[in-house]
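One structure is given below, encoded as structure tokens.
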Amino acid sequence: MAKGRKEVIPIDPLTALAGIQSAISMVKKAAGVAQDLGSLAPMIGKLFDAKSVATKAMLQAKQSGKGSNMGTALQIEMALEQARAFEEELKMLFMQTGKIDVWNKIKARQAEMDLADAKEISALKKAEKAAKEKEQEQLEIGLAIGGIFFVLFLVFIGVNELMTFCETTRRCGR
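When the letters of the sequence shown are read in order and numbered with this note's numbering, they come out as residues 2 to 175.
Structure follows, in structure tokens:
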């Protein structure tokens, strides 16, 4: 595995969707008995981790070509819609407790982190593309050198055969 890369482990989309549903259920139950929003932070974090895992699982399933496009699209959209609806509920919870400024900071930090992730992915893709181009260039150079050596080998064999012919027949250039 290349340095700085994360290993991609295939995830079952249904398991990932169940993870979202479980996390939403857990946060809703905890919200009913929690003293403040701060005590919900770890569970809310797990919910958004589950959302991320589910999204990646759905994309992996789509890229693998297994299953129908409609089924995959339906699962992706339903999971994301469920997470969006819960996010709106969560936003309302922050509003009701007078912590909308905290919610706004969370969303701003999320945007910063998403931007950083996008830049990292872009840099990795550029590095991967550059490595492939370099590999292709080296392959082309190797083929060119191999071709040149092959032509030189044929010329050597031809000259050798000509010299042998001249020696045996004594008719070349004399």
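In this text, a Cβ means the ideal position worked out from N, Cα and C, and glycines have one as well.
Just so you know, these numbers come straight off a predicted model, no measurement behind them.
Annotated three-state conformation of C173 is coil, per DSSP. When rounded, the separation of the alpha-carbon atoms in F157 and R172 is 20 Å. A residue is called buried once 16 or more other Cβ atoms fall within 10 Å of its Cβ, and L48 is buried on that count. Inclusion of A84 and K52 in the CB contact set at 7 Å is warranted, their separation being smaller than that value. The C-alpha of I146 is placed about 21 Å away from the C-alpha of V160. In the three-state reduction of the DSSP assignment, T165 falls in the helix class, which pools H, G and I. Contact check for K120 against W104 fails: the beta carbons are separated by 7 Å or more.
Apart from the 5 residues on each side of it in sequence, D115 has no Cβ closer than 8 Å to any other Cβ in its chain. Counting every other CB atom within 10 Å of its CB across the protein chains shown gives A131 a total below 16, marking it as exposed.
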